[in-house]
Every structure is written in C-alpha cells, then in structure tokens.
Amino acid sequence: MKKLIILLTVLLALGTSCKKDFLSVNEFNPNSASAVPSNLVLTAALNTTSRLVTSPRNYTFIYMWYGCMSVSGGYSQPSNLIQYNLLNSDYQGDWNSSYLNLQNYDYIEKNSATAKLQSYKAIAKIMKVYLFQYLVDTYGNVPYSQALKGSENPQVLKPAYDNQQTIYEDLVVQLDAAMDLINTTPPDADEVGAYDIIYNGDMAMWLKFANTLKLRILINQSDMTGRASYISSAIATTSSNGYIGTGESAMLNPGYLQSSGKMNPFWETFYKQDGSQQSDGLGYFVAGQDACDFLTANNDPRKLRFFQAISGTTIRGNYFGALVLEPVPTTSRLGPGMLRAYNQSAPILTDFESLFLQAEAVQRGIITGDAKALYESAVTRSVIYMGGTSGAAATYLAQVLNNVGFDASTNKLRAIITQKWCALNGVSPMPIWTDYRRTGFPDFIHWTAQANRLNDTPPVRLLYPQTEISTNNENVLAQGDINPFTSKIFWQNR
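For the sequence shown, this note's numbering begins at 81 and goes up steadily by one.
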C-alpha cells in the first residue's frame, strides 16, 4: 500500500497522465521553475531504468542472435537482424531513452549535495554508472564528460565523445565515490525508504550492489593485456564492502498494477491487462533451439520453467535465421519461470549473476574464494529463481556432465559462462552479449543460415543512432568509420 501511495504521489508531482509511460520521467524538465524533490524523481527514474533493461524488445537482437529465443513460424523474421545487417535506426530509442534517464539521475545527484541527502546522491551515482556501462558495452566511445550538460550554463548541446576505456576507468572512480558516500552517511541523513523501489532504502545492499557492479566492469577487462595489476588494485580498495550474495538480488517493483502501461514490462510484452496474449508478443517470441538443446541434453530442472512443453516434457524451438521456422504449437512458448504474473519484480542485478561473476573472478585468480561453491550457488539460485528447488539443483549439479558438474567440466571458465548464459535468458540479456564477445562462450550457438548475411557471426557493437548523426554529426564523424564486425569494444581481446 505504501508503494502505491508513493506511486500516486510521483505521478501527481511529475504531472504524468494515464496516457504517458507509467512512472516515466523522460519528459521531466530540469529547468522547470518548480523543482521536483529528489525522492520523487528517484522512484520514477529507477522504474524507467527497469523498463530500459528488462523489456525484451529492447534486446531482441541479443536473445535472438545468441540462441535464447527465436521467432515463431508464421511471423516474419526481422530481415536486418537475420542478415546481421545493422541500421543506424536500430535501437536508437534505447540510446535516447538512456540519456534521458541519465539526466534524471544527474538531476538527483546535483540536487542532493547536502549531507542530509547523501544516500540519494550515492544511489544516483551508482545508477549513472549502471547505464553508462551499458552504453559503452554497446557503442564504445560515447558522450560522457560533456553529456548531461544541456541544462547548464554554458549549455553543451553537442557533446564530444570520450574514449571508452577512459570512461570505464572513471566509472570505477564514481563507484568508489558512491561507496564512500554510503560509508560516511551521517546518522541524521534523510532515509530513502520506500522511494527506493529496489532495496527499500537499505544502503548496506546498495553498497554491495555498487561493488558488484564494479566487479562486473573490472571482470570485463580481465582478458586484456596489461590490465591485471589495475584490476587487482581496484578490487582491493573496496573488497571489504562485499558483493551481492544469496537472496540479495536487486529486484525492482514500484507496485505494478493490472492496467495497460503499468504492468511489469517483460510481462506486458506478452500479455494484455485482461490476461489475453499480445499477438506480437506471446505468439511471436518462442524458444531458441540452442537453449532447448542445452536444457534437454543436460536434464535441466529449469527446462519446463523456461519454456512450455509441446507434448509431455518435450520442448522445441527454432534456430534464429533458419530458412524454415516451425510455428506454435510445434514450438515452445516462453514458460512460467519467465512469465509469472503482471506484478512480478523486474531484475536489475540478480544474486546469481553476482555469484557467477565471483566464481569467474576466483577462477581467474582475481579474488580469493571457492570457485566451485560460488558456481554451484549461482546455478542453485537460478533454479530457485525459475521456480525450482535447491534439491533439484543439487541433483542437476551432481551429474558428471561437462558444463554442468563443476568437477566434470574440462574448462571451468567455459562452464561458468555457459551456465550464466543459460541463467540470464529472459532475465538480463546484456551480459550474455558481453560475455560472448570477451570469452567466446557459449561456443555452440547456431548462427544465421541466411545466404545474404553480411558476416558469419553477429556484430560486436551497434551503430551510432541516426538521431545522433542528425544532431551531433561532427562528433559522430570524429569516431571514424565504424564497422559493426571489426570495431570492437576496447575490452574485447579475441
């Protein structure tokens, strides 16, 4: 009830009508004469972030390219995606929405300068890092140091692009600063409480969230030559803050309502408010055959949670880019582990992603710990998240199967990343793409069979949006000729 009261307060304060995006602050004007309090902007900004990072339509290319989901027969496959023929107009809305969302967090940070609002400032800094990391991992060089200055004096309406590695390094600095803010927050500071729709104002959890995000950023650079010392030193400075552990997932829920535009964004891609299916959602997205093959071959207890059976316990999907697609009901729709209810919480950073990151860090010798125990905890938490039990997970992990049983796996890193790929299907697509680009795992994905494909494997980055080319052309051109297959993100060393 308290969330609903805050929700309504936010809608009134931001002047959001029922026809606008639920709890969206993308139209909030920082120059408005009547300033909006940081607490209200925070609630709306967090909700906007969840819609950006969890809606499957924003990351169709990842789910499809990497064998997680596919298209049902009877529907046309997106021609540019099956040909790996990216356009500047592809996903440009995500770029625009990300920078608008960043403006909201920047507003909170700048309007929370007093010690009383230190917790708000810390959360805003953390979420700016969260979004900027996604932008760098998608585009490489992006506007950073001059970004978000359109409302300042002097205005910067055509921001320069920063070097991607330099941005990454500053993201670590910003996270350290945010963690320091949390650790030095005075006792009489304003509590964030229910305005925080992820951790309900639990700043100890935000501390772990920030440190886990930092670990993710550093792990992404672990295959780069000459970065080992930097990574070890950076991790050591905040190791005492801990990482997201079992049962500590960052899950967002503003108090979803069974009403159009106000349900969980993943759920609403597939279902209408009356429970009937969205024709271009539940009918369009089906299981990816690579995911089906992996789940079936390894007796995975999550199999019928990820996907619906076509008969008995059999699941079947399509290979994205195949020349012939099977329709429903001979292919599996997404299952009840992904689609639970209109008010299911939205994952921002799960405990199992954190545990996989920690397992990888231990396996690489970056942090100390038990890689096997962390790996098994990660898989177990994924099974539970999908609706299974710890007992089922234990039985699964006890199998002497490569990429399942840790001891049976000949390549431990391959096992960690492959299980992470499986676990993040329908949960968090961006790390799937990042992990493949930096490690080459999983290494059994079927690429498109289209004869007119531009490359044998998917692009390693997106193209700068057409809107950016139109409004910031000189700075876009300064990045040189971008080739989506060879213009790698700086941490990709393969």
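Note that beta-carbon positions come from the ideal geometry of N, C-alpha and C, so glycine has one too.
For Tyr-248, the closest of Asn-532, Leu-293 and Thr-448 by C-alpha to C-alpha distance is Leu-293. Pairing Pro-416 with Gly-467 gives a Cβ-Cβ distance under 8 angstroms. Annotation for Leu-237: Gly-230 place their beta carbon closer than 7 angstroms to its own, counting only its chain and skipping 5 residues before and after. DSSP places Pro-509 in the helix class (H, G or I) of the three-state scheme. The straight-line gap separating the alpha-carbon atoms of Ala-531 and Thr-318 is approximately 50 angstroms. In the structure shown, Phe-365 adopts extended strand secondary structure according to DSSP, grouped into three states.
Excluding five sequence positions before and after Leu-287, the CB atoms of its chain that fall closer than 8 angstroms to its own CB belong to Met-259, Ile-262, Asn-263, Asn-321 and Gly-322, given in chain order.
Using a Cβ distance threshold of 8 angstroms, Ala-529 and Gly-401 count as a contacting pair. Three or more Cβ pairs drawn from the region 267-282 and the region 328-335 lie within less than 8 angstroms of each other, which places the two stretches in contact. Assignment of Phe-387 by DSSP, reduced to helix, strand and coil, places it in the strand class. Inside the region 426-490, DSSP marks whole alpha helix (DSSP H) runs of 4 or more residues at positions 431-443, 451-465 and 470-477, from first to last along the chain.
Every alpha helix (DSSP H) of 4 residues or more that sits fully in the region 303-380 is shown, in chain order, as 308-317, 345-350 and 369-377. A direct Cα-to-Cα measurement between Asn-221 and Phe-524 gives close to 30 angstroms. Per the C-alpha coordinates, the member of Val-209, Thr-265, Val-216 and Pro-234 positioned closest to Val-253 is Val-209.
Judged by DSSP in its simplified three-state form, Val-222 adopts strand. In the DSSP assignment, Val-151 falls within the beta strand (DSSP E) that extends over 149-151. Arg-382 and Trp-145 have their C-alpha atoms roughly 21 angstroms apart. In the DSSP annotation of this structure, the continuous segment of the alpha helix (DSSP H) that includes Phe-289 starts and ends at 283-299.
Around the Cβ of Glu-433, a 10 Å sphere holds 16 or more other Cβ atoms; the residue is buried.
Asn-263: member of the alpha helix (DSSP H) spanning 244-263, first to last residue.
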